[in-house]
Amino acid sequence: MKLELNEAQKWIELFVEKLEANKSELNELDTAIGDGDHGTNMDRGAKAITESFAKKAPENVSDLYKATAFAMIQKVGGASGPLYGTAFLDMSKAVKSENIELADLIQIGADGIKRRGESDIKMKTMIDVWQPIADAMKQDNFDKSVVEDALDSTKDMVATKGRASYLEEKSKGHLDPGSQSSAYLFESLVDVLGENS
Ligand code: ADP
Ligand code: MG
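Counting with this note's numbering, you get residues 31 to 227 for the letters of the sequence shown.
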């Protein structure tokens, strides 16, 4: 499975909408186990993506992911900006090869986050959403319940990376904010894929 330019653009536009609509929810999650800015950070990135697409319409999928990456890197800030930025930049490069499957593309994004963040699964970060989704896609059983379960799994984890790790055991019992924003990304993808089936 692959996304055409119009589908990929729809995917990112839906993500932007969800980030803007849920800014305070993301801030609240980050207030519990971080510094309360994840919603504000991602909302800034969302607006930068919209501006970038309006200024210069992406000509192909690689362009689209690159513009998304740059908006994230330049405007989101925090830990999450460079991490989302790396994921989309690596995806932008990978998608230039014609035969790349969507599942492999998401894995490349997840690997970029792991590399940049020196992180892996079970550390209560966005990887705990990206990796299970890449796995589900490879097995062809990706849907909203996979996204929901992955997000929920972060609740009982103790954070060992990022700001939440300072809380040690006290980070337990809260959803990870970056996993929630990543869940918006992948719910948006389910919506786009659903329109085709
Ligand atoms: P900051 O922590 O700098 O305030 P944000 O609040 O925007 O940045 O983003 C926090 C989110 O970033 C966390 O919820 C987590 O999902 C993600 N994150 C932080 N550090 C890492 C890391 N090393 N690897 C993967 N994800 C990380
Ligand atoms: Mg924060």
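Just so it is clear, CB atoms sit at the ideal spot from N, CA and C, and this is done for glycine as well. In this text, all values refer to a predicted model and were calculated from it rather than measured experimentally.
Cβ shell of tryptophan 41 (< 6 Å), same chain only, five flanking positions each side left out
Ser218, Leu219, Val222
Any idea what DSSP makes of glutamine 169, helix, strand or coil?
coil
Can you tell me whether DSSP reads glutamate 128 as helix, strand or coil?
coil
Please determine whether the Cβ atom of histidine 204 lies at a distance below 7 Å from any heavy atom of ligand 1.
no
CA-to-CA distance, aspartate 158 to glycine 115, given in whole angstroms
17 Å
Name the residue from Glu199, Ser175, Lys53, Ala51 whose alpha carbon lies nearest to the alpha carbon of aspartate 186.
Residue Glu199 holds the alpha-carbon nearest to the alpha-carbon of aspartate 186 among Glu199, Ser175, Lys53, Ala51.
Do you know how far the Cα of alanine 180 is from the Cα of serine 209?
Alanine 180 has its alpha-carbon roughly 8 Å from the corresponding atom of serine 209.
Can you find a heavy atom of ligand 1 that lies under 7 Å from the Cβ of proline 207?
yes
Is DSSP giving isoleucine 103 helix, strand or coil here?
helix
Pairs of beta-carbons, one from the segment 98-105 and one from the segment 123-133, closer than 8 Å: are there three or more?
no
Using the Cβ count rule (16 or more neighbours within 10 Å means buried), how would you classify glycine 224?
exposed
Boundaries (first-last residue) of the alpha helix (DSSP H) holding threonine 184
No alpha helix (DSSP H) holds threonine 184; DSSP gives it neither H nor E.
Below 8 Å on the Cβ atoms is my contact criterion, and I expect threonine 235 with lysine 191 to pass it. Report the Cβ-Cβ distance as a whole number of Å.
The chain is shown only over 31 to 227; residue 235 falls outside these bounds and no answer can be derived.
Per DSSP, what kind of secondary structure is aspartate 73 in: helix, strand or coil?
helix
Nearest to serine 82 (by Cα), restricted to the options Ile103, Ala213, Asp65
Ile103
Please classify glutamate 89: does DSSP put it in a helix, a strand, or coil?
coil
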